[in-house]
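Just so it is clear: in the sequence shown, position 132 is 1229 by our numbering, and no numbers are missing.
Please read the structure below before turning to the comments.
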Amino acid sequence: MLRGRTIVLAAAMLFVAHFAVVVSIGPAGKGPTYSDCIQFALGLLVMVSAVTAARRSEQFSRSFWYLCAGAYVLWLVAQGLGVYMDLWPSARPMGWITNLLFCFWFVPLAMAMFLDPDQGAGALDSLIALDFVQAVLVCVAAYLYFFYLPKAENPSELAHSVWAPYFAGYGFVVIAFLLRALFTRQSAPRMLFGRFGTLLGLSGFIDAMFYYGPGRSLKTGAWFDLLWSAMLIVPLTMAVTWKQPEAPETTLETSKRERRIRTEIFYLFYPLMVLFMSLRIARERLGLAAIVVFLSFMCSSARLLVTQSRLVRTQDALRREASRDSLTGLWNRKAILEILTRELLRSQRHSNPVGVIMADVDHFKMVNDSRGHAAGDLVLRIIASEIAAVLRPYDSVGRYGGEEFLIVTPACGPSETWDLAERVRECVANCSVVANGASVSVSLSLGVAVASTATELETLLHEADTALYQAKNAGRNRVEPRLGRAAAAGTAAAAIQSKFWL
């Protein structure tokens, strides 16, 4: 805050000094040089303030302020060239460069329209890179449209024939900022777009007064320079007083509103500007116009392809999330039932049986009560991974309920299904799980059933569930129905054990 007050005090002293220069010297003698130097110092303070505001901001706000700093860097370069030409008049033919930078200093700031409020700053995003290339093409087209083709009487000023298109494009940027502030529901983007949209609107109005109004016949060092100095103090004050909102809104409703199609329209801003200016360029330089339009089209197409690729990946991720259990990574209840239905339909066509194994973790409530729910979740993950390791590649397993698992075994009769269930039981029973320094005994009770038609789905699940409860009632850690096999509980003591420490 002390640094901010120092910057504001320095800016106020510079403005007072500028006022004194305008009143005492004016456009005569060294007045223009002093006036340009003071404005250069003010612009430097604005750039420093923007960088400082970016450093104490987060995510979207940080990117916005860095773009603002980049815009004023362009302005500083233009102002520095102006001071250079004041000191060395022989460099006057370079005035078109100064005028170009002064006219389009806001291009980096206009790129803020393409920032996503939900995306963190710091990573180089391919879409932002393509938007930057598109902005460069806008500058190229603007140079051809406003400076190369028209013949201005003074190289440091725009030709009269392009005044109206320039202010139309400037006004389009202002409207885009204000609309973005209107459509955005998050507080930080809304404040930044609203404030800088208003600032750009005031700046454009003052520029229009210079070209069309009382400033048209004035020279550097006249009273009109005080208006431009005031327009430097405004963003400086906004940067110094900026405070990152402590609790930005992140509700689902906000995200839905933020991503409506009306927000995506802003990405068409630069291609439309390139197309508009190229229509005028094509009248005299058809080849140049064709190259600019082609490059802009390539950027827009690449952006569309990148967006489409990300959309496909997002859809795949959502599809996977909708079919997978978030805790264990297995199929969820809906997905495993769909797999079972599909396998039953296939078995009906090929006359092959489908086996089902219903498994339940024994005494799982005791694990949660004694070791905590975090340990219980880890136990479920371990059991899920052990079950998946035993199954064949074409078998499927899903989390059917809290601690229940459903295994679908295509082309397996009662005997094969029972054998697979027994291997699963042995594998889990031989796991050595240590939670919080104490050993935890884990085992499964399993029920098996077999069917061959999709019409038997409910019956199949009911039979497997009934067999599961028979296993529970018969002492747990077993497979039911027995099918005449010897009880396998406790017979695999010599098997290789898997050890887990939680």
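Just so you know, even glycine gets a beta-carbon here, dropped at the ideal spot from N, CA and C.
From a predicted model like this one, the values you see are computed outputs, not experimental measurements.
- Just so you know, the alpha carbons of Gly1572 and Val1537 end up roughly 18 angstroms apart.
- With fewer than 16 other beta carbons inside 10 angstroms of its own, Glu1418 counts as exposed.
- Within the DSSP secondary-structure output, Glu1501 pairs in a beta bridge with Asp1457.
- Residue environment: Glu1381 is assigned as exposed (fewer than 16 neighbouring CB atoms within 10 Å of its CB, all protein chains considered).
- Rounded to the nearest whole angstrom, the CA to CA distance from Pro1247 to His1257 is 9 angstroms.
- Between Val1545 and Glu1440, the C-beta spacing is not below 8 angstroms.
- Using a Cβ distance threshold of 8 angstroms, Val1148 and Ala1168 do not count as a contacting pair.
- In the structure shown, Val1371 adopts helical secondary structure according to DSSP, grouped into three states.
- Distance check between Ala1209 and each of Ala1125, Gly1266 and Pro1286 places Pro1286 closest, using alpha-carbon atoms only.
- For Thr1338, the closest C-alpha among the options Met1182, Arg1100 and Pro1578 is that of Arg1100.
- When secondary structure is reduced to three states using DSSP, Leu1241 falls in the helix class.
- In this structure, Ile1104 lies away from Leu1139, with their beta-carbon atoms at least 8 angstroms apart.
- Per DSSP, Val1259 is not a residue of any beta strand (DSSP E), being assigned neither H nor E.
- In the structure shown, Ser1493 falls within a strand segment according to DSSP collapsed to helix, strand and coil.
- The C-alpha of Thr1334 is placed about 12 angstroms away from the C-alpha of Leu1296.
- Contact between the segment 1420-1432 and the segment 1509-1527 is absent: fewer than three C-beta pairs spanning the two stretches fall below 8 angstroms.
- DSSP places Glu1381 in the coil class of the three-state scheme, outside both helix and strand.
- Taking all protein chains shown into account, Asn1570 has fewer than 16 neighbouring C-beta atoms within 10 Å of its C-beta and is therefore exposed.
- DSSP, read as helix, strand or coil, puts Leu1543 in strand.
- Cβ neighbours of Val1371 within its own chain (closer than 7 angstroms, five residues either side excluded): Leu1234, Val1235, Ala1238, Val1389, Val1390 and Ser1393.
- Ser1529 counts as exposed, since fewer than 16 other C-beta atoms from the protein chains shown sit within 10 angstroms of its C-beta.
- Leu1402 and Phe1229 have their alpha carbons spaced roughly 17 angstroms apart.
- Per DSSP, the unbroken alpha helix (DSSP H) holding Trp1325 starts and ends at Asp1322 to Val1337.
- In terms of Cβ geometry, Phe1274 and Phe1302 do not form a close pair [threshold 8 angstroms].
- Out of Asn1465, Pro1262, Tyr1163 and Gly1192, the CA that lies nearest to the CA of Val1174 is found in Gly1192.
- If you check the CB distance, Ala1508 and Asn1465 do not come in under 8 angstroms.
- For Glu1155, the three-state secondary structure derived from DSSP is coil.
- Close CB contacts of Gly1510 within its chain, under the 8 angstroms cut and outside five residues either way in sequence, are with Pro1450, Gly1452 and Val1547 (chain order).
- A straight line joining the alpha-carbon of Tyr1491 with that of Ala1485 spans about 11 angstroms.
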